[in-house]
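Q: The structure's right below; bear with me while I get my questions together.
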Amino acid sequence: MIYDIVIIGAGASGLMAASKFKNKSICIIDANDKIGAKIKISGGAKCNITNKFMGAEKFLGDQEFIKPVLEKFNEKNLLNYLSQNKVFPNLNPKIVKGTYFCNSSSDVIDMFTKLTSHCKFRMNTKVLDVEYDEYFTIITDKGEIGGNKLIVASGGLSYASLGASDIGFKIAQKFGHTINRLDPALVGFTVQKDQFWFKELSGLSLDVKIKVMNKEVVGKMLFTHKGCSGPAILTTSLYWQKGNISIDFLPNKDSYLPKRFKQQIKDLDIDLHNYTMAPAGNFGYTKAEVTKGGIATKEISSTFESKLQKNLYFIGEVLDVTGELGGYNFQWAFSSAYCIDN
């Protein structure tokens, strides 16, 4: 059988895409044994699904490509879509300002289970290659699957334990697409010798303001036994390439420094409002929430069809569009899937 549509990836973008096409024969392939593996663990199993302060400026990528996608299906459209399907996220700015969390990630997975009941699922199935001759042949470790349209929603390289792989990038390359440099993002930093004092403060968290490239990031920084992490550092890692970042340890008038911090820095010459450091690197893909870089969006149409191969689509994290911490990447997954033409 040749399906109307084959979707690689049963995550947020793949499931959203499948839910759009009610009158088509659809096959969804995923390496995991259950759908929505990343949805399940996100936001401490409460799924940080979108953000009140949605906008293209919260993303790394081509702003002119991102903006119309978010305008077509924004955070209000998503919240409306969710409430129509009996999922009611709440605003919880505790970790990142403006973030909406669900009561449980299972609510989102249950919703998509219902919305994709018309689809055939091939779980525990790894895609090995894709060929095209009048239609797509998806070669898997469990046989071949044919499709007239192919939607690649396979995500990035983060969370290999959840079946993450580079198959989406390999498929894109096979059809002539450019892959912009891939790196772990939304991830903690390892530190150089000058910042080894961070490790002595492992477990301590404080509010900071960080300057990185032309961005200013506000939020909590967590000292760890490897270096530093926490919401402010995770978003900083999205924009950092190499070189210095600057940390303001007293960002507000009412900021105060914990005794343990003061004790640690008393013999160090530190500018508390402008502490400059160059991270040694980051904690890598096993700890990264997302992958930055990906398929160059200049080769993708506004309906997410490849400009190089008819009926081939790429959506979600596999593209060179990456959001800050706080629900932005889920919004991108849903918005990009929504924009596929019927």
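Going by my numbering, the residue at position 152 of the sequence shown is 144; the numbering climbs one at a time, nothing skipped. In this text, a Cβ means the ideal position worked out from N, Cα and C, and glycines have one as well.
Would a C-beta distance cut-off of 9 Å place K141 and I(-3) closer than the cut-off?
A: yes
Q: Can you check whether the CB of G1 is closer than 9 Å to the CB of G147?
A: yes
Q: Does the pairing of the stretch 244 to 262 with the stretch 217 to 224 give three or more beta-carbon distances under 8 Å?
A: no
Q: Which residues share a DSSP beta bridge with S298?
A: I292
Q: Quick one: any contact between the stretch 318 to 332 and the stretch 3 to 12, if contact means 3 or more CB pairs under 8 Å?
A: Taking a contact to require three or more Cβ pairs closer than 8 Å, the stretch 318 to 332 and the stretch 3 to 12 qualify as touching.
Q: With distances taken between CB atoms, is the gap from I171 to I33 smaller than 9 Å?
A: no
Q: Below 8 Å on the Cβ atoms is my contact criterion, and I expect L174 with G285 to pass it. Report the Cβ-Cβ distance as a whole number of Å.
A: 4 Å
Q: Are there three or more Cβ pairs, one per stretch, closer than 8 Å when the stretch 124 to 134 is compared with the stretch 91 to 104?
A: no
Q: Are the beta-carbon atoms belonging to V122 and C39 less than 9 Å from one another?
A: no
Q: DSSP puts S238 in a beta bridge; with which residues?
A: K203 and T268
Q: Output the residue ranges of the beta strand (DSSP E) runs that lie fully inside the stretch 48 to 128 and measure 3 residues or longer, sorted by chain position.
A: 91 to 93, 112 to 114 and 119 to 125
Q: Could you tell me whether the stretch 196 to 206 touches the stretch 239 to 258, using the rule of 3 or more Cβ pairs below 8 Å?
A: yes
Q: Which class does I262 belong to by DSSP, given the choice of helix, strand or coil?
A: coil
Q: I think A10 touches I20, with their Cβ atoms under 8 Å apart; what is that distance to the nearest whole Å?
A: 6 Å
Q: Going by beta carbon distance, what residues of the same chain come within less than 7 Å of A48, once the five residues before and after it are set aside?
A: Q55, I58, K59 and L62
Q: State the start and end residues of the unbroken beta strand (DSSP E) segment that holds A177.
A: From DSSP, the beta strand (DSSP E) with A177 extends over I171 to A177.
Q: Excluding the five sequence neighbours on either side, which residues of its own chain have a C-beta within less than 6 Å of the C-beta of T117, listed in chain order?
A: I21, T132 and K134
Q: Apply the 10 Å Cβ neighbour rule to T42 and answer buried if 16 or more other Cβ atoms are within range, or exposed otherwise.
A: buried
Q: Among Q184, N82, D312 and Y127, whose alpha-carbon lies nearest the alpha-carbon of M269?
A: Q184
Q: Near L(-7), what residues of its chain come up, given a Cβ to Cβ distance below 8 Å and the 5 sequence neighbours on each side ignored?
A: Position check: residue -7 holds Met in this sequence, whereas Leu was assumed. Hits under 8 Å: S17 and G138.
Q: Nearest by alpha-carbon distance to F45: which of L242, W189 and G318 is it?
A: G318
Q: Against chain B, does S298 count as a neighbour if the rule is that its beta carbon must be under 9 Å from one of theirs?
A: This model lacks chain B altogether; it includes just one protein chain.
Q: Taking 7 Å as the limit between beta carbons, can you name the residues of its chain near D333, skipping five residues before and five after?
A: T295
Q: Taking the alpha carbon of Q255 as the reference point, which residue from F80, W189, K299 and I(-1) has its own alpha carbon closest?
A: W189
Q: Could you have a look at M46 and say whether DSSP puts it in helix, strand or coil?
A: When DSSP states are grouped into helix, strand and coil, M46 belongs to the coil group.
Q: Under 8 Å Cβ to Cβ from K14, same chain only, skipping five residues before and after it: list those, please.
A: Counting only residues of its own chain and dropping the five nearest sequence neighbours on each side, K14 has a CB closer than 8 Å to the CB of H110.
Q: So for T228, helix, strand or coil by DSSP?
A: In the structure shown, T228 sits in a helix (DSSP, three-state: H, G or I).
Q: Distance check for T283 and F215, CA to CA, integer angstroms please.
A: If you take the alpha carbons of F215 and T283, they lie about 23 Å apart.
Q: Quick check on DSSP: helix, strand or coil for K212?
A: strand
Q: Mind checking who N274 pairs with in its DSSP beta bridge?
A: Its beta-bridge partners are F181.
Q: Using the beta-carbon count (16 or more within 10 Å), is G86 buried or exposed?
A: Looking at the sequence itself, residue 86 is Lys, so the reference to Gly does not match. The residue is exposed, with fewer than 16 neighbouring Cβ atoms inside 10 Å.
Q: Please tell me whether F128 and L304 are closer than 9 Å, where the distance is taken between their beta carbons.
A: yes
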